[in-house]
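Chemist: Below is a structure I'd like to ask you about.
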Amino acid sequence: MLELQNISYIVDDEGKDKDILKDVSLKLDDDKFFVITGPNGGGKSSLAKIIAGIYKPTSGKIIYDGTDITDMSITDRAKMGIGFAFQQPVRFKGLTVKDLLELAAGKEMKASACDYLSEVGLCAHDYINREINASLSGGELKRIEIAITIARGTKLTIFDEPEAGIDLWSFSNLIKVFEDLKKKTMGSIIIISHQERIINIADELILIANGEVVKQGTKEEIMPLFTGTSFKCKFK
Amino acid sequence: MDKIQENLLAEIAGLHEIPTGAYNIRANGEGAGRRSTEHIEITTKQDKPGIDIHIADNTVRESVHIPVIISETGLTESVYNDFFIGKNCDVTIIAGCGIHNCGTQKSEHDGIHTFFVGENSKVRYVEKHYGEGDGNGEIVLNPQTIVHLAAGSYLEMDTVQIKGVDSTIRTTVADVADNATLIISEKIMTHGKQHAETDFTVDLNGEGSSTNVISRSVARDDSTQLFKSNIRGNNKCAGHSECDAIIMDNGQVGAVPKVEANCVDASLIHEAAIGKIAGEQIIKLMSLGLTEEEAEEMIVNGFLK
């Protein structure tokens, strides 16, 4: 189980303190599918990066499976079974898709590297030896990032806006990827998303706005907080 | 050949046994083995140290290995190797120099390679430099490559210097005729107090001629590097040079790319990017379970792969 206790995150904004997250407390049970949603700039991505260890909270504690991981490095958290798919995947000159897939899957690679690519709708033959460099489009990079993250098979996996940069044609496939993940009960999954179809497959939703948790609950409890089809938050 | 020499051969040429095809092995300033073939003839120069390699017209899918190894300390030599490649050939030439210096004196090998590539021939030239040794003697390699490309010919030159060379100045001069292409790809990693300099001058003389000069390098510790390139477009041609360098610790890299268009139809581009490893690359690999040091290592190895 992942527990966030009174997490605050303050950054320097031209000499002034800016609150990105204010006293956020959450409990996320094992083997559930969570979607964190809410308006842009509300603190969702910062929260995800704090869980992965990329950002360090100004105050508060993160407890994972009973261990206080607040001061642990990104590496140690990764080794404990936390996976993170970046919203904007990183490019590497010289490293190939295969290099990162093999690193992610580790020695006990359950499926072949090609299977992970097929899962995200990429023809393995065309991509496996490609460099993860500027020759790949944003959408291709994004799908490779998701494949790499799935290949890790971690107990807690965070996807930061996986739909961003994915074309409409591929979007249905992406939903299927997450539906399959859910069926396989691959540990807990946290997805930061604005997409209704992703929200629809969540066990629980967490609505974050202005750096605060507005509400954590089921879709039926959270969705009425949005008006119409837009994601305008009543609490803003 | 002793164990040290065998190891040097494996490092620079990937050779664990006598190669197939033509070869000439030079060890400590002397010939240590040679084989000519039906289409490739290797002869000793009479006027200065070195060899002439004559490759007959229409020789295809053949290779020549000409490794040089030095395991004696204090040996300094300049060697002239000239390649005369006929028309319509498709050959691979594997050169390289490995030095093991366990003494206190400087060991230096300066290889001057001249290529005369015949019309419509295709040549892949691979050169690897490697130094090792537990002494304080300096290891110096100053290769010079002179390339004359006839009409329609193609030469691809891959050079690698990853380890152990204290000082190197690489000079490459080329002239490229009609519809001929020269591709140069170099990979360098320096560490300690090493210094590496590369200087490429390419004259695109022919109509439709082209070149692509790509340098990827990593400078670690207190090492220094300088990349110079000058592409002169003297006809309707296309030229591109790219210097991409990672600096670590106190490493320093300078890049002086120059392009000179002497014809209105010349199209020339140069790019240079020098910087430390992007923080987000390290973070990504750490999120896959590597430590910061392991992440750096993987990024550097991939960059120079």
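Residue numbers (our numbering), protein chains in the order written: chain W, 1 to 236; chain E, 1001 to 1305.
Cβ coordinates follow ideal geometry from the N, Cα and C atoms, glycine included.
Tell me whether E/ALA1013 sits in a helix, a strand or coil according to DSSP, three-state version.
Modeler: Three-state result, E/ALA1013: helix.
Chemist: Taking just the CA atoms, how far does E/SER1036 sit from E/ASP1178?
Modeler: So the two alpha carbons sit approximately 31 Å from each other.
Chemist: Between the Cα of E/THR1104 and the Cα atoms of E/GLY1096, E/GLY1137, E/CYS1097, E/GLN1005, which residue gives the shortest distance?
Modeler: Checking every option, the nearest Cα to that of E/THR1104 belongs to E/GLY1137.
Chemist: For a cutoff of 7 Å on Cβ pairs, would you count W/LEU156 as touching chain E?
Modeler: Closer than 7 Å: no.
Chemist: When every heavy atom of the ligand FMN is checked, does at least one fall within less than 6 Å of the C-beta of W/LYS183?
Modeler: As presented, the structure is devoid of all ligands, the ligand FMN included, so that no description of it is given.
Chemist: Look at E/ILE1339 and E/SER1210 and say whether their C-beta atoms are less than 7 Å apart.
Modeler: Since the first residue shown for chain E is 1001 and the last is 1305, residue 1339 of chain E is missing from the structure and cannot be characterised.
Chemist: Can you check DSSP and say which residues form a bridge with E/ALA1261?
Modeler: DSSP, once it has assigned bridges, lists E/GLY1233 as partnering E/ALA1261.
Chemist: Could you list the residues in the segment 74-85 of chain W with a C-beta less than 7 Å from some C-beta on chain E, going in chain order?
Modeler: From the segment 74-85 of chain W, only ILE74, THR75, ALA78, LYS79, PHE84 have a Cβ closer than 7 Å to chain E.
Chemist: Can you tell me whether E/ILE1282 is helix, strand or coil according to DSSP?
Modeler: Residue state, collapsed to three classes: helix.
Chemist: Taking the C-alpha atoms as reference points, what is the distance between W/THR218 and W/SER59?
Modeler: Roughly 28 Å between the two C-alpha positions.
Chemist: Would DSSP call E/THR1020 helix, strand or coil?
Modeler: E/THR1020 falls in the coil class under three-state DSSP.
Chemist: Pull up the DSSP beta-bridge partners for W/LYS18, would you.
Modeler: DSSP output for W/LYS18 lists W/VAL11 as bridge partner(s).
Chemist: In this structure, how does DSSP classify W/ASN6 when only helix, strand and coil are distinguished?
Modeler: W/ASN6: strand per DSSP, three-state reduction.
Chemist: Only counting the same chain, and skipping five residues up and downstream in sequence, which positions put a Cβ closer than 6 Å to that of W/ILE190?
Modeler: Around W/ILE190: PHE34, ILE158.
Chemist: Using only alpha-carbon positions, find the residue among E/HIS1191, E/GLY1208, E/HIS1148, E/ALA1174 that is nearest to E/LYS1163.
Modeler: The shortest Cα separation from E/LYS1163 among E/HIS1191, E/GLY1208, E/HIS1148, E/ALA1174 belongs to E/HIS1191.
Chemist: With DSSP run on the structure shown, which of helix, strand or coil describes E/GLU1156?
Modeler: It is a strand residue.
Chemist: Mind checking if E/SER1287 is an interface residue toward chain W, Cβ cutoff 7 Å exclusive?
Modeler: Interface residue, yes.
Chemist: For E/ILE1085 and E/GLU1062, which I take to be in contact (beta-carbon distance under 8 Å), what is that distance rounded to the nearest angstrom?
Modeler: About 11 Å; that fails the 8 Å criterion.
Chemist: What are the start and end residues of the alpha helix (DSSP H) that includes W/ASP99?
Modeler: Note, W/ASP99: alpha helix (DSSP H), 97-105.
Chemist: Which value, in whole angstroms, describes the spacing of the CA atoms of W/ILE192 and W/ILE82?
Modeler: Near 15 Å, if we compare the C-alpha coordinates of W/ILE82 and W/ILE192.
Chemist: Report the option in W/ALA151, W/GLY121, W/TYR64 whose CA atom is closest to the CA atom of W/LYS98.
Modeler: The shortest Cα separation from W/LYS98 among W/ALA151, W/GLY121, W/TYR64 belongs to W/ALA151.
Chemist: From the DSSP output, in three-state form, read off W/TYR55 for me.
Modeler: Looking at W/TYR55 - three-state DSSP - the assignment turns out to be coil, as it is neither helix nor strand.
Chemist: From W/ALA78 to W/PRO89, what does the alpha carbon distance come to, in whole angstroms?
Modeler: Approximately 17 Å, taken between the alpha carbons.
Chemist: Taking the alpha-carbon positions, what's the E/THR1043 to E/TYR1023 distance?
Modeler: Rounded to the nearest angstrom, the two C-alpha atoms are 11 Å apart.
Chemist: What's the call for E/GLN1161, buried or exposed, on a 16-neighbour Cβ count within 10 Å?
Modeler: Classification for E/GLN1161: buried.
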